[in-house]
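FYI, in mature numbering (1 follows the signal peptide of the UniProt record, and there is no 0) the residues of the sequence shown are -27 to -1, 1 to 574.
Written below as structure tokens is the structure these notes are about.
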Amino acid sequence: MFEKRFLAMLLSVGLGVSLLFTGVAPATTSADNAAVTEQVETSAVGYGTEDRDWVTETETLTPERYEVAVEENIEITVRDGTIIRGRLMLPEGLEGPYPTIVQLNGYGHGEYGNSFEGLLIDLAERGYAVLHVSLRGSGTSGGEAGLYNSFGEDGYDVIEWAADQEWSNGNVGTAGLSLLGISQWLAAKELPPSLKAISPVVACTDCYEYLWYPGGMEAGPGRVARGYEYEVASEHRNFDDWWQERSVSPEQLEAIVDHGVAALISGGWNDYISPGNVKAFELYSAAGGDSKLIMYPGAHANLTGVQPYEFDDYQAMWFEHYLTDEDNGVDERDPVLLYVQGADQWRYEESWPLHDTSYVDLYFSHKFSKSIDSINGGTFTNKSPKRQESFVSYSYSPEDGPFLPSLLSSSGRLQINQQPYEKNHVTWTTDSLTVPTEVTGNMSVSFWAEADAEDADFVVQISDVAPDGTSKQVTAGYLNASRAESRTTPTPLTPGEVEQYEIEILPTSYVFEEGHRIRLTIAGGAKPLEDQEAPQGPGINPTASTVKIYQDVHHPSHLTLPVIGQDSLKTTRGDFHAMENSSEGDRGKGEGKGRGKGNRK
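Here it is, written out as structure tokens:
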């Protein structure tokens, strides 16, 4: 499922990251959260948030604007003779030829498809030729519609047709969000000669993994609601050649980089495709491509509030530079622009993962956190467990769960208190934090488990627990156990056999405030609440199971946090020894077979 990193446990004097017990402080939870007055252990896991280089000023462009002339029913004949129809927008009063933007719309022109035109009109007013086409089988275009059907080949033909028109300067960019971003990646995969820049927003290059079957789990209600698209996708439950044709592999991303296409990749922390955005940028930048990543606080289509520039200004600068060779400085800024939740501020970064990331391991402990009356109410420790045998267990059924609430909907993150739901599951909670702790990147969970069935799902949730006991969802991760090794060929579990699992959690950038706690919950499934609008995420496993999670010397299960420091080597905390670039030492190899290691095939 993910590219395994041997995560260093950086708990040392030199690196200054620790789980440091510093005493007790009185705290009271509210009546709604099983009120108790207790002595709360406190701990330091991070560096605080001082001295960060936040974006402090907004900048606004004032481009010259033009009236826009619109021509309907432009016809483009693609390679198999199918006619694709589109809408052409040209700036009036500005002499051409123009840098050209193409939008490849799989929904087609119509009330819903036209709702994506706002940014296109903005670009036309700024002096671009804009061609908005209905892809095969949509709108008034010919051919048969299908899930991502011929997006790549038709996109190539439309891009090259546009570049050859007298109103185009021959340099083409593509723009659009969601399905209209996915179509950009699939067109770029075909390497059209005239394509110079793309701007996919909330779009995935591997939609099997990041949209339809997260972690190999069943398709969720948001996908089932797609009707015909779901019927088509469900015929390909495992990742096969059909999905490969509709995905962009790491090797194909490298080819796009080598082709010279610049990629502005954008997504929202509260959007269900966020891991697809981040992974695409990580691979693209690693291959040496000209690329930028913008991660904003909104959900699937909420692009407002980006700083220092609004998104439409940033995107226009991107196209201006790569389609007209304008030296506007957009390529000189650090390539990552992210919104840090909790701090509620924007910051530029030079790389992803961030350069000052320290991976901190928190080991599952049999001791009680006293913060929640869950099945086990466990806590974490900074050292690998010493007990010879320790486990916690839970049961799951597709009818009764218990379930965690689905993390995300099309409108954003669920805001309700998670504590009543977490009580029904196994949890591990840190002590109260003594300093604000920024976690930016992909958290991961490595654990050993035994199931009494041939299949099981694991839903892991990270939440922010306030001093009054209320718990707020931060992010989550998913894994179907039988597809942990391979998403092409499921392997049934052997009931009663202990196996190791590794789950990469959806990326985030979040500050846990002083006095708050970090909680990990593991469940057998997630399910939308009755009033949750357009829920997204995985579906329900039909197999009932009882699962044991091990946490002992032979099975050092742990949560790994990407903790951000002020410059990794500045602060000294604790008296622990670092185990750099190692998965052994106190962590230990553990016993039992491993699943979910490396990239799932």
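C-beta: ideal position from N, C-alpha, C; glycine also.
Fair warning: this is a prediction, and the values are worked out from it, not measured in the lab.
Residue i versus residue j: straight-line alpha-carbon distance, rounded
i, j, result
"leucine 502", "serine 379", "7 Å"
"threonine 544", "glycine 21", "Per-residue confidence for threonine 544 stands at a pLDDT of 29, beneath the threshold of 50, marking its modelled position as unreliable; the derived number appears in the next sentence. Spanning the two alpha carbons is a distance of roughly 10 Å."
"glutamate 98", "glycine 110", "29 Å"
"threonine 410", "valine 251", "21 Å"
"leucine 61", "asparagine 453", "46 Å"
"arginine 210", "glycine 91", "36 Å"
"isoleucine 522", "glutamate 208", "33 Å"
"threonine 354", "isoleucine 495", "17 Å"
"serine 504", "glutamate 68", "Per the sequence shown, the amino acid found at residue 504 is aspartate instead of serine. Answer to the nearest angstrom: the Cα atoms are 53 Å apart."
"aspartate 285", "proline 166", "26 Å"
"tyrosine 203", "arginine 196", "6 Å"
"glutamate 65", "alanine 102", "10 Å"
"phenylalanine 376", "glutamate 486", "27 Å"
"glycine 116", "valine 106", "14 Å"
"tryptophan 421", "tyrosine 474", "6 Å"
"alanine 424", "glutamine 434", "20 Å"
"glutamate 139", "glutamine 318", "45 Å"
"glutamate 305", "glutamate 323", "11 Å"
"asparagine 275", "glycine 79", "20 Å"
"glycine 233", "leucine 226", "11 Å"
"valine 520", "valine 175", "35 Å"
"glutamate 395", "leucine 120", "37 Å"
"asparagine 514", "glycine 498", "7 Å"
"serine 459", "alanine 192", "17 Å"
"valine 313", "serine 338", "30 Å"
"proline 463", "serine 363", "29 Å"
"serine 172", "alanine 236", "6 Å"
"aspartate 127", "alanine 457", "35 Å"
Chain-order list of residues whose beta-carbon lies under 6 Å from that of residue i (same chain, five-residue window excluded)
i, result
"threonine 516", "Ala426, Asp428"
"serine 258", "Ser264"
"glycine 315", "Tyr483, Val484"
"threonine 31", "Gln280, Pro281"
"methionine 190", "Asp430, Tyr451, Asn453, Pro511"
"glycine 437", "Rather than glycine, the amino acid found at residue 437 in this sequence is aspartate. Answer for aspartate 437: Lys445, Val447, Phe485, His489, listed in chain order."
"valine 221", "Trp158, Lys162, Thr178"
"valine 205", "Leu120"
"isoleucine 47", "Gly59, Leu61"
Unbroken alpha helix (DSSP H) run spanning residue i, endpoints
i, result
"proline 72", "Premise fails: proline 72 lies in the beta strand (DSSP E), 71 to 78, not in any alpha helix (DSSP H)."
"lysine 252", "247 to 259"
"proline 393", "392 to 395"
"valine 205", "201 to 207"
"glycine 195", "194 to 197"
"valine 230", "223 to 231"
"alanine 274", "That residue, alanine 274, is in no alpha helix (DSSP H); it is neither H nor E in DSSP."
"tyrosine 217", "Sequence inspection shows glutamine at residue 217; the tyrosine mentioned does not correspond to that position. 214 to 218 is the extent of the alpha helix (DSSP H) around glutamine 217."
"isoleucine 345", "Here isoleucine 345 belongs to no alpha helix (DSSP H), and DSSP marks it neither H nor E."
"valine 437", "The sequence shown places aspartate at residue 437, not valine. Per DSSP, aspartate 437 belongs to no alpha helix (DSSP H); it is in the beta strand (DSSP E), 430 to 438."
"leucine 92", "91 to 98"
First and last residue of the uninterrupted beta strand (DSSP E) at residue i
i, result
"phenylalanine 341", "330 to 341"
"tryptophan 242", "It is not in any beta strand (DSSP E) - tryptophan 242 carries neither H nor E in the DSSP assignment."
"asparagine 46", "41 to 50"
"valine 412", "410 to 414"
"valine 18", "Run containing valine 18: none; DSSP gives neither H nor E here."
"residue 607", "Residue coverage of the chain in this structure runs from -27 to 574, which leaves residue 607 outside it and unanswerable."
7 Å Cβ shell around residue i - same chain, five flanking residues per side excluded
i, result
"phenylalanine 254", "Ile238, Ser264, Leu266, Trp325"
"proline 480", "Ser247, Pro248, Val251, Gly414, Asn415"
"serine 141", "Pro70, Tyr71, Thr73, Ala102, Ala135"
"glycine 261", "Val230"
"glutamine 392", "Asn6, Ile345, Gly442, Thr443, Ser444"
Beta-carbon proximity list for residue i, same chain, < 8 Å, skipping 5 on both sides
i, result
"lysine 340", "Gly351, Thr352, Thr354"
"asparagine 301", "Met290, Glu293, His294"
"isoleucine 132", "Val75, Val145, Thr147, Ala160, Pro165, Ser167, Leu168"
"valine 526", "Ser357, Pro358, Lys359, Arg360, Gln361, Gly561"
"residue 586", "This structure does not reach residue 586, given that the chain is present from -27 up to 574, and the question cannot be answered."
Checklist line | Sequence ranges, beta strand (DSSP E) only - wholly within the segment 103 to 190, length at least 3 | finding: Segments of the beta strand (DSSP E) lying fully in the segment 103 to 190: 141 to 150, 168 to 174.
Notebook entry, point to check: Do the segment 71 to 82 and the segment 142 to 153 meet, that is, are 3 or more Cβ pairs less than 8 Å apart?
Noted result: Contact check between the segment 71 to 82 and the segment 142 to 153: three or more CB pairs, one atom from each, fall below 8 Å, which counts as touching.
Check: Counting pairs of beta carbons, one from the segment 333 to 352 and one from the segment 453 to 471, are three or more of them closer than 8 Å?
Finding: Touching, no.
Check: Of all the alpha helix (DSSP H) runs that stay within the bounds of the segment 277 to 330, which reach a length of 4 or more residues?
Finding: The qualifying runs are 284 to 297.
Next item on the list: State whether the segment 327 to 343 contacts the segment 283 to 292, with contact taken as three or more CB pairs (one from each stretch) at a distance under 8 Å.
Entry: When Cβ pairs closer than 8 Å are counted between the two stretches, the segment 327 to 343 is seen not to touch the segment 283 to 292, the count staying below three.
Checklist line | Inter-stretch contact (C-beta, 8 Å, three-pair minimum) for the segment 152 to 163 and the segment 389 to 399 | finding: The way I'd put it, the segment 152 to 163 doesn't touch the segment 389 to 399; fewer than three beta-carbon pairs between them come closer than 8 Å.
Next item on the list: Please list the segments of the beta strand (DSSP E) lying wholly inside the segment 452 to 517, counting only runs of 3 or more residues, in order along the chain.
Entry: Listed in chain order, they are 471 to 477, 481 to 485, 490 to 496.
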